[in-house]
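> Quick one: the structure is below, and I'll ask about it shortly.
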Amino acid sequence: MAPEAEDVSMSEAPMEEITIQEQRIRILPGSSETAASFEFKNEDHTLGNALRYIIMKNPDVEFCGYSIPHPSEAVMNIRIQTYDNTTAVQALEKGFDDLIDLCDIVDEKFRDAKQEFANRMEA
């Protein structure tokens, strides 16, 4: 005879942490060292335009553009072409680093201005 099943509430059930790493960036076929197209999953114009702008500021980059292939798909493509002294992957990595630095500066300036405003309101 099989043992009776026991009712267990969700709060009592053991929680197993499941970590699934989804690949969000991939290099599209037909790429070379200095010219590559990257596909970003679950990204849109927000990251695409900011990243394109930052990457184009890099003097080692010849061209950078992005597109959203279809509005109903959460996919953004970015194309990077570099001069011979760097690779497209290095330009993308530098673009991410530069964008993070820029966001940190904007965040710091915002917090300083917010604190200054709060101080003036208290006075």
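The sequence shown runs contiguously to residue 123 in the UniProt record's numbering.
Built from N, CA and C at the ideal position, the CB exists for glycine as well.
Rounding to the nearest angstrom, what Cα-Cα distance links G30 and A36 in this structure?
Computed Cα separation, rounded: 8 Å.
> Measure the alpha-carbon distance for Q90 versus C103 and round it to whole angstroms.
Looking at the two C-alpha atoms, the distance is approximately 20 Å.
> Report buried or exposed for V8, applying the criterion of at least 16 other Cβ atoms within 10 angstroms of its Cβ.
Unreliable placement is indicated for V8, whose pLDDT of 46 sits below 50; the coordinate value is still reported in the next sentence. So V8 counts as exposed.
> State the CB to CB distance for the pair V61 and I80, rounded to an integer number of angstroms; the pair is presumed to be in contact (CB under 8 Å).
Confirmed, Cβ separation roughly 6 Å.
> What separation, rounded to the nearest whole angstrom, lies between the Cα atoms of F96 and I54?
One C-alpha to the other measures close to 8 Å.
> When we look at the beta-carbon of T34 and count the other beta-carbons within 10 Å, is it buried (16 or more) or exposed?
Classification of T34: buried, given that the 10 Å Cβ count is 16 or more.
> Could you please give the first and the last residue of the uninterrupted alpha helix (DSSP H) stretch that includes R120?
A88 to E122 is the extent of the alpha helix (DSSP H) around R120.
> Got a sec? Which residues, its chain only, sit under 7 Å from T82 by beta carbon, not counting five neighbours each side?
Excluding positions up to five away in sequence, the list reads T34, D60, V61, E62, A88 and A91.
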